[in-house]
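Here the sequence shown is numbered in the numbering used here, starting from 449 and rising by one per residue.
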Amino acid sequence: MPTEAPEIVRMVWHTLGSTDAVGALILGGSRAKGSATELSDWDLYLEGEPAKLMAEVPGLMAPLRPLGAFWEPLSEEAGYMMVMDGPVKIDLFPIGGRRSLQPPWEPVRANLSGIDGHYWDWMLWLGSKALRHQDELVSDELAKMQWFLLGPLGVERTPADLHDAVALYLKARAVASEQLKTSVPEGLGRQVLAALRQHRLV
């Protein structure tokens with residue numbers, strides 16, 4: 449584990465390493481390569497029996513109180529996405545774990561917080577790509593976001609950039625909250641927005 453790893457990353461590592469379900473932990477991605485940006489996530493790969501890992505990971509992480517946590521719906525490779533206080537994005541990959549691709553969101557009262565968590569996780573990840581000037585990737589992902597998440601909320605066009613994506617989402621979320629007579633916790637969005645603004649990405 450790199451010496452600069454935030455305390456919450458070390459806590460996640462320790463928690464996972466203390467359970468019998470995890471045979472080994474491997475740091476991957478840009479953090480392992482030493483090429484991370486300030487917004488890059490922490491990719492942790494978990495060795496063990498995939499089904500057991502997938503069953504236990506959410507419960508193991510819950511006491512650490514992630515601001516947002518969900519299984520990645522757009523990949524068949526099982527990945528448990530978390531944004532922790534900071535914000536710090538940590539992604540857990542049970543090696544060999546597989547999940548079915550999910551259809552676009554269908555907003556209802558019960559899942560608006562889940563949509564919000566997915567959106568801000570996505571935006572934090574896109575922020576790390578924008579810092580690398582991966583403009584084509586960011587554009588492609590914003591188009592995917594419009595199809596999978598923003599479109600179901602009533603957004604009719606692809607955001608031009610991250611700033612536009614925030615404006616479109618916040619307006620659509622406000623409308624959905626009013627129509628569905630519910631609200632979402634604002635802590636996650638507040639932290640991700642602050643991080644993006646710090647780097648002048650929005």
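Ideal Cβ positions, reconstructed from N, Cα and C, are used throughout, including at glycine.
Among the options, nearest to residue i - alpha-carbon criterion
| i | options | result |
| --- | --- | --- |
| Asp-468 | Ala-558, Glu-504, Ala-620, Arg-458 | Glu-504 |
| Leu-512 | Ile-538, Gly-527, Ser-523 | Ile-538 |
| Ala-480 | Glu-584, Val-470, Ala-472, Asp-491 | Asp-491 |
| His-566 | Asp-609, Thr-630, Leu-585, Phe-518 | Phe-518 |
| Gly-465 | Ser-488, Gly-477, Glu-495, Thr-451 | Glu-495 |
| Lys-592 | Gln-582, Glu-525, Thr-606 | Thr-606 |
| Pro-535 | Asp-609, Gly-516, Tyr-528 | Gly-516 |
| Ala-484 | Arg-580, Leu-636, Ala-624, Val-586 | Arg-580 |
| Arg-546 | Gln-594, Glu-497, Ala-510 | Glu-497 |
| Gly-477 | Ala-499, Thr-463, His-462, Tyr-493 | Tyr-493 |
| Glu-525 | Ala-510, Met-532, Met-509, Gly-544 | Gly-544 |
Nearest-angstrom Cβ-Cβ length linking residue i and residue j, presumed shorter than 8 Å
| i | j | result |
| --- | --- | --- |
| Pro-551 | Met-530 | Not quite, the Cβ-Cβ distance comes to about 23 Å (not below 8 Å), so this is no contact. |
| Leu-560 | Val-632 | 6 Å |
| Leu-522 | Leu-549 | 7 Å |
| Leu-501 | Pro-542 | 4 Å |
| Leu-564 | Arg-638 | Rather than Leu, the amino acid found at residue 564 in this sequence is Asp. 12 Å between Cβ atoms; not a contact. |
| Gly-575 | Leu-610 | 7 Å |
DSSP bridge partner residues for residue i (one or two, in chain order)
| i | result |
| --- | --- |
| Ala-517 | Met-530 |
| Phe-541 | Tyr-493 |
| Glu-525 | Arg-546 |
| Ala-622 | DSSP output for Ala-622 lists no bridge partner at all. |
| Val-536 | Met-532 |
| Ile-474 | Tyr-493 |
Classification of residue i by the beta-carbon crowding that lies within 10 angstroms, buried from 16 upward
| i | result |
| --- | --- |
| Glu-520 | buried |
| Leu-618 | exposed |
| Arg-458 | exposed |
| Gly-507 | exposed |
| Gln-646 | exposed |
| Arg-648 | exposed |
| Met-449 | exposed |
| Gln-420 | The displayed coordinates of the chain run from 449 to 650. Any statement about residue 420 would go beyond what the structure contains. |
| Asp-583 | exposed |
| Gly-527 | buried |
| Val-623 | exposed |
| Ala-472 | exposed |
| Leu-598 | buried |
| Leu-585 | exposed |
| Asp-588 | exposed |
| Ser-643 | Before going on, a small fix: residue 643 reads as Ala here, not Ser. With 16 or more Cβ atoms within 10 Å of its Cβ, Ala-643 is classed as buried. |
| Ala-510 | exposed |
Original post:
Does the stretch 602-619 touch the stretch 564-574, meaning 3 or more C-beta pairs lie closer than 8 Å?
Top reply: Yes, since at least three Cβ pairs between the stretch 564-574 and the stretch 602-619 fall closer than 8 Å, the two stretches touch.
Original post:
For the 8 Å Cβ check, are there 3 or more pairs between the stretch 596-605 and the stretch 553-560?
Top reply: Between the stretch 596-605 and the stretch 553-560 there are three or more inter-stretch CB-CB distances shorter than 8 Å, so the stretches are counted as touching.
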